[in-house]
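> Take a look at this one; I'll ask things after.
Put into structure tokens, the structure is as follows:
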């Protein structure tokens, strides 16, 4: 009968940092890693690591949530684009074939509002002076 032999897991812990082949391989581990290494050494070769099983219901639920989130984002972007189109239609003196980008539309609207405000301020000063 053969003696019982335990194999040592020589793989580095998942949290170990390794450098590329250009540099000597070094591993930096924490105290937690050393306890993990001791646990790994106690494991037998006959017991391979297994991935946790995933439940099909959770995958379906995650898929449904992703679809709903995508729909919400699509709806949000549609509303934003509609609002920007409405803003573009209000802004003056643009050729019909010119479509401003989102940031250009916002900057142009900001400058237009500023110009209108300055016009009102100047008119108010004229009224006060006369």
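Residue numbers (our numbering): 24 to 153.
Backbone N, C-alpha and C define an ideal beta-carbon position, used for all residues, glycine too.
Indicate the three-state DSSP secondary structure (helix, strand or coil) for residue 120 in the structure shown.
coil
> So for residue 78, helix, strand or coil by DSSP?
In this structure, residue 78 counts as coil in the three-state DSSP scheme.
> For residue 47, which of helix, strand or coil comes out of DSSP?
Any answer about residue 47 is weak, because its pLDDT of 49 lies below 50 and its placement is not dependable; what the coordinates show is given next. Coil at residue 47, not helix or strand.
> In three-state DSSP terms, what is residue 114?
coil
> Determine the DSSP secondary structure at residue 141, reduced to helix, strand or coil.
helix
> What do you reckon, are the CB atoms on residue 128 and residue 110 nearer than 9 Å?
yes
> Considering only the alpha carbon of each residue, which of 151, 146 and 135 lies closest to residue 116?
135
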